[in-house]
Structure formats: structure tokens, C-alpha cells
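Trainee:
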DNA sequence: TCAAAAGTGTTCTTGATACACCCATGC
DNA sequence: GCATGGGTGTATCAAGAACACTTTTGA
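Chains as they are written, first to last, in this note's numbering: chain A, 1 to 229; chain B, 1 to 229.
What follows is the structure, given as C-alpha cells:
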């Protein structure tokens, strides 16, 4: 069935920058393209927006279809609309970024999407389209956002140690942080609940596990939030 | 001439939230609609994106056509894509916000666009489409942005007094600020150059005029900026 | 007993806040 | 001379930055 319009229209897509965190490294999920243009190149997961679905829904659908990801933190990033970003025709892309707990999704991504892979953001290959720009924008946004909203927790398993959290912040912000000051500050928000369990991971003292108190945070957020790292 | 596609496509528009500042009040520029839908309602200036122009270019073109505004500070805000935001068909809108020195453009807007008017953001009428959402998003963004980037100056004439600047910040942030602390901080950035002139405006002591040092700011911005209010 | 990461407090410095009076002008 | 907004400094408090040693475990 054909669709006819008086004026030419741009095609509309969504592209998703999916961040994960593993081995002290910030990672991004890429898909190897099977079709032209840029066949064989790595690209951000994404695709066309259907005419009856919202942008958010399109982004979530693409994440599920291309990477087997559901129920992730997802936020709109920026809309990219230069005229020649796609060699075929005019395509405007609404970019999103997502945060996922990598371990939970690593296996799934491996089966559902054999052509999907995690890359350290420091070592991404050459990307298709203007996806390098999109990725850069997403990294900048993440750096900014992580400082005044506790979204870092989305990248960690539900139970985590303070060292894991610190390493995550260090990776995202690309700095070293002082251990004592970091712990003092993070605990001062009173949003982390210490568990009875500890985590042993090697030949050293076991680490206290914590959980993020989402409920408490939501309440605080309503009456004008705080949180600043 | 007709244009035919395999799948239906959303129409793509831009909408602009144009901020001004006058009489101690933050203002927004609205256009009264002459056509259905929402004929007679006030709305944000905006319109369809042409297939051969970038999003930024479309926003600037609409600003010029509908409000006679050129050369303004303009930044992308957010893309609004719920399915039923336009009663006619699926329309996705990339929203922008602009900052203009109101006095410079007030006259022009009055002639070029007789159906354009400035409203205090506290007293906007009922808006067409989802433009109330867009406006709210823009106000939130402006509040956030003004604190760590010196964009407030875009809303003032090139020469301004510290009181004007303070009133602007008070209007945007919706708070009262302490005069001495405000001046101390603002001057500490060393980005305002005091002029030899003063401004007399009533029966009281004349006020020192300042200019924003754009060059110096650009240099600072390159090597990791500062500025926090 | 050694290596490796976990855990813990204090001092110093900096920036934020609170606050009250004199100044120059027009009427 | 009085009303109006312009202009100035200090003291207090809170938050950020710098910094070194002890603890627990596995090998």
C-alpha cells in the first residue's frame, strides 16, 4: 500500500545509545549492520518510527527487537537532523540513551542478536552514519546527568558494593575520586541501605553490599530533590 | 506534485519557545492561529520542516517568517512525539527555545507579525496543541541552564546594570536573591566589564553599566569552563 | 606472611549565606 | 528633605578537598 503526500517528507527514526558497565569500564552496545548502506559497519541500535507509535515506544521496540532488552532506563537525548546524515534520503533521527545492568542482558543479547556486541566507549570502532556524534553527545549527557541524578544505579546490579559504585563514577566522569570523600558523600544522602550480606571477590576483605532505596528517592524527588555529586 | 512512500510517514515540524525579558518579567512570544485546527488560539511560532533544510534552519526560518526575528540564541529543547498531539494527523515536533533581547525585537514583531504578542510566562492563555507542555519544558530547561551557562545575557541589551541582571535571574529562577552576594559572585567571574557610562532611570542614584565579555568567556569555555550561579 | 581491596576521621580551605547602612539623584 | 533604587564589607557556617593507616581475607 502506498502513501501519498503533497510535500516530500523526511523519514523518522530512533537510535539508542545503550550504556553498560563492566570490569571498571563504561560500555556501549553496537549492532553490526547486515544491509547497505554501511553494510558490515557497527552502528547504534535503532530503526524507523511507525506512524502510530510514540517516539519512546519506538525506541523501546527497537531495543527489544535488536538487542533483546526490555525494561531499561531510557531517556530522550537529542534529535539529529542534518540533511545528509543518511546517504539514501532525508532521515531525521531522535536519539535516546539507555542504561542497563550489563550482566543481566549480556547473555540475552548474545542469543537474540548475534550481531550485537558491547564495546568499551574508549574503543568503539568506526560507526555508520553520524552515530559517532550521537555517541559523543550521549556520553556528555551521561557525564552531566550522573552528577545530579542517581541514575548510576541503573548500571549496577541491585546489590552492589561502594567500590563498584565508585568505579562506575570514575569511569563515567573519567576521573579518580577519593575513596573516603566518596563514601562519606554517597552515604550522607541516606539512599543506600546496607544489607546483611557481604561480597567476597578474591583474596581480600569482603565488601559490604548495599541496595538503592528507590522508594525513598521517589519521595524526596517530589518535594524538590537534592543529590549532587 | 505528489510524493509517495511505501509506509505512512509522520509530518515533522519545529516549534519555538521564544523568551524575552521586560519590566522584571520573563515573557514568551506567542502567535495567534489564523487557521484550523485551534483557530484563534495562541500557539508557539513554528511550522513544517522542509525536506532539504536542517532542523536548526527550519527553526530559524520560522522565527523570521512568523516573528521577524533573526540572529537569536537558539537551542534544541526536546522532541515531542505523542501520537495524537495534532488532531489532523501524526505530527512530530522538534521544539527549540530562543532568547532574544525583547526591546530590539518588540517593534519588528509588531509590524511583521501583527498576530504575535509577548505574554508574561505567568499569564499565558490556553495554548493550542501540546504547546503548554512544550512551554513548561522550556521554562524548566531555562532554569537549569541559566545556572551554569551565562545565557542570561542574551535576554538583556548589550549594556546593562547589575540590578537588571539580578532581576532577570530572579524572574527566571523564581526566587529573591541577595543583592550583595549576587554582585560579589557575578563580578568574581570577571566576565563583566564596567563601562564609563552610567544609566539614569528615575529619581535615584544612576547605575553603573556593564558589558558581557563574550571573547573572554569563549576562551574560558575552551579550557573547561566554570560559571555557576 | 604477604598481597589486595575494604574500611575509617580529622584538618584545612573554600565558597555560601546572612545581614545594615550610606550614596546619588529627581521631585 | 525625602523617596527611590544603587552601591558596599564582614562574620558565620557548611561543604569540599586533602590525606594515611588498620582490617579482613585467600593464597
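Don't be surprised by glycine CBs; every beta carbon is placed ideally from N, CA and C.
Mind listing the chain B neighbours of residue 3(A)? Cutoff is C-beta to C-beta under 8 angstroms, in chain order.
Mentor: Chain B residues near residue 3(A): 4, 5, 6, 7, 8, 9.
Trainee: Identify which residue in 3(B), 5(B), 17(B), 8(B) has its Cα closest to the Cα of residue 140(B).
Mentor: Cα-wise, what sits closest to residue 140(B) is 17(B).
Trainee: What are the start and end residues of the alpha helix (DSSP H) that includes residue 120(B)?
Mentor: Counting along the chain, residue 120(B) falls outside any alpha helix (DSSP H), though it belongs to the beta strand (DSSP E) covering 116 to 120.
Trainee: Starting from residue 166(B) and walking both ways along the alpha helix (DSSP H), at which residues does that stretch end?
Mentor: Run containing residue 166(B): 162 to 173, per the alpha helix (DSSP H) assignment.
Trainee: Does the beta-carbon of residue 125(A) have 16 or more other beta-carbons within 10 angstroms, so that it is buried, or is it exposed?
Mentor: Classification for residue 125(A): exposed.
Trainee: Quick check on the DSSP output: the alpha helix (DSSP H) that includes residue 134(A) runs from which residue to which?
Mentor: Here the alpha helix (DSSP H) through residue 134(A) covers 131 to 148.
Trainee: Expressed to the nearest angstrom, what Euclidean distance is found between the alpha-carbon atoms of residue 177(A) and residue 13(A)?
Mentor: About 39 angstroms.
Trainee: At the 8 angstroms Cβ level, is residue 94(A) part of the contact set with chain B, yes or no?
Mentor: Yes, residue 94(A) counts as interfacial toward chain B.
Trainee: For residue 52(A), would you say it is in contact with chain B, using Cβ-to-Cβ distances shorter than 8 angstroms as the test?
Mentor: Output row for residue 52(A): interface = yes.
Trainee: Using CA coordinates, which residue listed in 227(B), 117(B), 78(B) is at the minimum distance from residue 135(B)?
Mentor: Residue 135(B) has its Cα closest to that of 78(B), out of 227(B), 117(B), 78(B).
Trainee: Just the Cα atoms here: how many angstroms apart are residue 157(A) and residue 103(A)?
Mentor: Rounded to whole angstroms, residue 157(A) to residue 103(A) spans 8 angstroms at the Cα level.
Trainee: Pull up the distance between the alpha-carbon of residue 206(B) and that of residue 193(B), whole angstroms please.
Mentor: One C-alpha to the other measures close to 17 angstroms.
Trainee: Would you list, in chain order, the members of the segment 75 to 87 of chain A that have their beta-carbon closer than 7 angstroms to a beta-carbon of chain B?
Mentor: Within the segment 75 to 87 of chain A, the qualifying residues are 76, 78, 79, 81, 82, 83.
Trainee: My guess is that residue 210(B) and residue 160(B) are in contact by the Cβ rule of under 8 angstroms, so how many angstroms apart are they, rounded?
Mentor: The Cβ separation is near 6 angstroms, so the contact holds.
Trainee: Whole angstroms are fine: how far does the CA of residue 165(B) sit from the CA of residue 75(A)?
Mentor: About 34 angstroms.
Trainee: Mark residue 35(A) as exposed unless 16 or more other C-beta atoms lie within 10 angstroms of its C-beta, in which case mark it buried.
Mentor: Classification of residue 35(A): exposed, given that the 10 Å Cβ count is below 16.
Trainee: Could you have a look at residue 6(B) and say whether DSSP puts it in helix, strand or coil?
Mentor: Reduced to three states, the DSSP call for residue 6(B) is coil.
Trainee: Would a check of beta-carbon distances place residue 61(A) closer than 8 angstroms to chain B?
Mentor: Answer no: the Cβ-Cβ gap between residue 61(A) and chain B never drops below 8 angstroms.
Trainee: Under 8 angstroms, Cβ to Cβ, is there at least one residue of chain B near residue 55(A)?
Mentor: Closer than 8 angstroms: yes.
Trainee: Any idea what DSSP makes of residue 221(B), helix, strand or coil?
Mentor: Helix at residue 221(B).
Trainee: Can you name the start and end residues of the beta strand (DSSP E) that residue 201(A) belongs to?
Mentor: From DSSP, residue 201(A) is part of no beta strand (DSSP E); its letter is neither H nor E.
Trainee: Taking the C-alpha atoms as reference points, what is the distance between residue 127(B) and residue 39(B)?
Mentor: C-alpha separation (whole angstroms): 11 angstroms.
Trainee: Whose Cβ in chain A lies nearer than 8 angstroms to the Cβ of residue 12(B)?
Mentor: What residue 12(B) touches in chain A: 9, 10, 12, 92.
Trainee: Does DSSP classify residue 89(B) as helix, strand or coil?
Mentor: Coil at residue 89(B), not helix or strand.
Trainee: Using beta carbons (cut-off 8 angstroms, strictly below), is residue 261(A) in contact with chain B?
Mentor: With chain A represented from 1 up to 229, any question about residue 261(A) goes unanswered, as that position is not in the structure.
Trainee: From what residue to what residue does the alpha helix (DSSP H) around residue 63(A) run?
Mentor: Run containing residue 63(A): 55 to 67, per the alpha helix (DSSP H) assignment.
Trainee: In three-state terms, what does DSSP make of residue 34(A)?
Mentor: The answer is coil: DSSP assigns residue 34(A) none of H, G, I, E or B.
Trainee: Under DSSP, the alpha helix (DSSP H) around residue 18(B) begins and ends at which residues?
Mentor: Premise fails: residue 18(B) lies in the beta strand (DSSP E), 11 to 22, not in any alpha helix (DSSP H).
Trainee: When the distance is taken between beta carbons, is residue 119(A) closer than 8 angstroms to residue 28(A)?
Mentor: In this structure, residue 119(A) lies closer than 8 angstroms to residue 28(A) by Cβ.
Trainee: In this structure, how does DSSP classify residue 184(A) when only helix, strand and coil are distinguished?
Mentor: Helix, per DSSP.
Trainee: Check whether the Cβ atoms of residue 229(B) and residue 185(B) lie closer than 8 angstroms to each other.
Mentor: It is a contact, given that the beta carbons lie within the stated cut-off.
Trainee: Quick one: residues in its chain with C-beta nearer than 7 angstroms to the C-beta of residue 70(A), no 5 flanking neighbours on either side, listed in chain order?
Mentor: So the qualifying residues of the chain are 64.
Trainee: Going by other Cβ atoms of all chains shown within 10 Å of its Cβ, with 16 needed for buried, is residue 7(A) buried or exposed?
Mentor: Under this definition residue 7(A) is an exposed residue.
Trainee: Determine the extent of the beta strand (DSSP E) in which residue 210(A) is found, giving its start and end residues.
Mentor: Note, residue 210(A): beta strand (DSSP E), 207 to 212.
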